Each structure stands twice: as structure tokens, then as C-alpha cells.
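J.: Our numbering puts the first residue of the sequence shown at 13, with every later residue one more than the last.
Note that beta-carbon positions come from the ideal geometry of N, C-alpha and C, so glycine has one too.
From a predicted model like this one, the values you see are computed outputs, not experimental measurements.
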Amino acid sequence: MKNSGLFIVESGSYKDKFTLSSNELKLLASADGVEIMTQTISEGVIFDVAPSSDDESSMMEFFYLLEGEIEYIRSDNERVEMNVGDCFYAHNLNECCVFNPITDIKILYVATQPIFHELGESMRELHKLNYELQFKDQYTQGHSERVRELSLNLAVEMGLNRDVIANVALAGLFHDVGKIEIPSRILKKSSRLDDEEYEIVKRHSMTSSELVKNINYMDISHIVAQHHERFDGSGYPTGMVGKNICMESRIIAVADTYDAMMTDRPYRSKIEKVKVITEINELSGTKYDPKVVDAFNRLLIRDKL
Ligand SMILES: [Fe+2]
């Protein structure tokens with residue numbers, strides 16, 4: 013039966029909800045393909061509004077700032093600040109638009125085509141796996157979010173194309189999701205892994221790559237597959253070299269290493285920040301892309317890490 017009539021949505025209620033750690037999307041109303049949502053996003057969690065992957069689509073997305081402050085990061089890196097009552101909308105975008113919440117924010121989000129479930133279904137499954145992974149391997153707690161954030165900051169600092177920035181954010185978040193298939197005894201092993209165990213660990217980049225193929229609006233599987241490749245060809249799974257490795261993966265490589273070294277692992281304690289920075293710089297041009305390390309150093313100088 014077709015829904016018709018007047019619908020009252022009481023304060024706090026909603027039709028459906030999609031929660032990420034720092035982001036909550038609530039579907040308040042939907043009809044004739046139009047969706048009305050509210051979204052809350054935590055301070056500092058940069059997000060993007062991306063062009064539609066469907067050329068035929070002419071969806072409009074409208075955002076009205078209900079709470080908090082936000083800045084739009086233009087492609088020349090200039091910032092445009094917006095406050096409560098300001099709004100923006102996107103129609104026939106050619107490139108991603110990137111926004112940085114200066115405070116926790118709440119926005120009213122209207123889409124003229126249904127995207128809630130498209131965003132929800134595939135992402136929900138991946139977030140669930142990321143969440144389960146944190147229980148399986150307590151050392152990865154918060155790692156994916158931190159890698160996402162640092163990778164994103166690096167991409168913005170490098171002044172990269174908005175699409176690269178959007179890819180890097182999503183791939184940073186799910187780069188290790190395939191670790192869910194590594195047995196706990198290996199993830200938690202406090203001594204050195206033997207060759208066979210290390211081979212099992214190394215499979216995770218391809219497992220992650222397979223899992224993110226389910227995201228139907230963005231292809232990031234190649235980025236995730238390459239996140240352990242290294243600039244000099246010493247990485248895995250295929251030993252790709254230099255710029256053959258996609259830019260997003262070269263960025264995630266630095267962010268991933270930085271965060272991994274800065275946190276405790278089963279087989280070693282966290283490493284002092286100054287030593288981590290020294291090591292990353294010493295490996296610039298061998299393991300890591302020098303341009304990414306330069307951006308990393310600029311972020312450090314501006315105290316962004
Ligand atoms: Fe990894």
C-alpha cells in the first residue's frame with residue numbers, strides 16, 4: 013500500500029539510523045526518492061561531498077547547518093567558514109568538496125535521490141567488521157580512524173585532487189579490515205612471527221581489498237590492496253615500485269606506519285615520537301614517497317599531528 017497522508021516525526025525518532033564511530037546519519041523521512049536526514053559529525057572528522065558515480069544522475073544534496081561550525085576547504089586550500097543557519101548544496105559536481113567540522117556539528121541533509129541505504133548497507137557491514145576486529149585485536153583500537161584522519165590531512169596538505177582525498181579517507185578507514193581473517197593466536201602473538209605466520213598476516217591487504225569491493229559507490233579496492241607496497245619495491249603483495257603504487261596507498265603507507273609505531277603492539281612497546289619521526293624521514297625515498305614525507309613534516313611543524 014502506498015504511504016500517504018501526514019506523518020509526524022516526534023523529536024528524537026527516525027525511520028532508520030546508520031552509526032559510525034564519529035558520524036551518525038538518521039533518516040527522518042523519505043518519499044518519491046527524496047530523503048530527509050540529519051547527520052552528526054565529530055569535530056575534526058573531515059568529510060566530503062562527492063560527485064555522483066552515475067553519469068545520468070542529477071541528484072541535488074542540500075545541507076543546512078543546525079549546530080556547530082564548519083569550514084569548506086577549497087581546492088586552493090583556502091578555508092570558508094560556515095555557522096549555524098548557513099547552508100550549502102551540491103548539484104552536478106565535477107569534483108569532491110571537502111569540509112572540516114571546527115566543532116561537533118549537526119546538519120539537516122536532504123538528497124533528491126535515495127542514498128541512505130546505498131551508503132548504509134555496504135558501509136554498515138564494513139564498519140561492523142572493523143568493530144569486530146577491535147575486539148579480536150585490541151592493539152588496532154582506534155587505529156583505522158587515526159590512519160583515516162592522518163591520511164586525509166596529508167592528502168589535503170599535498171593539495172591533491174578532491175577525488176584522491178575522498179578515496180584516501182575511505183581506504184584509510186578500511187585498509188586493515190581483512191585482518192578479521194587472521195587467527196587471534198597470530199594477531200596476539202607476543203614473540204616474532206615465523207615465516208608461515210607472516211605469510212598469513214601478509215594476506216590481509218588482499219582480503220581487505222576483496223571486502224571493500226562491496227562498497228558500490230566508490231572503487232577503493234586497488235588502494236587497499238597496495239597499502240603495504242613500498243616505494244623501493246620491498247613491500248607486498250606484489251613488490252610494486254614508486255609511482256606505479258597509487259598515490260592514495262603511498263599516503264596511507266606513511267600514516268599507517270606512523271600510527272603503528274606510536275602505539276603498543278603485542279611484540280613491542282610504543283616508540284618515542286621523535287624516533288618515529290626520525291625513522292620515517294630516514295626512509296623517505298626508499299620505503300616512502302618523499303613528497304608524502306615532506307607533507308608529513310609540514311604537518312608536524314604546524315603541530316597538526
Ligand atoms: Fe595493513
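Using DSSP bridges, identify the partner residues of residue 60.
T.: For residue 60, which the question treats as bridged, DSSP gives the partners 110.
J.: Per DSSP, residue 193 forms a beta bridge with which residues?
T.: Answer is none; residue 193 lacks a bridge partner.
J.: Is residue 52 helix, strand or coil when you go by DSSP?
T.: strand
J.: Using a Cβ-based criterion (distance less than 7 Å to any ligand heavy atom), does residue 325 qualify as near ligand 1?
T.: The chain is shown only over 13 to 317; residue 325 falls outside these bounds and no answer can be derived.
J.: Just list the alpha helix (DSSP H) runs in the stretch 239 to 300, keeping only unbroken ones of 4 residues or longer that don't cross its boundaries, in chain order.
T.: Qualifying alpha helix (DSSP H) stretches, in chain order: 259 to 273, 285 to 294.
J.: By DSSP's criteria, residue 84 is part of a beta bridge. Which residues make up the other side?
T.: DSSP, once it has assigned bridges, lists 92, 111 as partnering residue 84.
J.: Is residue 188 near ligand 1 - that is, is its Cβ less than 7 Å away from at least one heavy atom of it?
T.: yes
J.: Would you give the residue range spanned by the beta strand (DSSP E) that residue 72 belongs to?
T.: It spans 72 to 79 - the beta strand (DSSP E) in which residue 72 sits, taken as one unbroken run.
J.: Distance, Cα to Cα, residue 158 vs residue 18?
T.: As the crow flies, the alpha-carbon of residue 158 is around 44 Å from that of residue 18.
J.: Does ligand 1 have even one heavy atom less than 7 Å from the beta-carbon of residue 103?
T.: no
J.: Could you give the DSSP three-state label for residue 219: helix, strand or coil?
T.: helix
J.: Using the Cβ count rule (16 or more neighbours within 10 Å means buried), how would you classify residue 225?
T.: Classification for residue 225: exposed.
J.: Provide the residue(s) that pair with residue 162 in DSSP beta bridges, ordered along the chain.
T.: None, per the DSSP bridge assignment.
J.: Taking the alpha carbon of residue 36 as the reference point, which residue from 180, 135, 196, 275 has its own alpha carbon closest?
T.: 135
J.: Where residue 274 and residue 202 are concerned, what is the direct C-alpha to C-alpha distance, given to the nearest angstrom?
T.: 17 Å
J.: When the Cα of residue 244 is compared with those of 278, 298, 214, which residue comes out closest?
T.: 298
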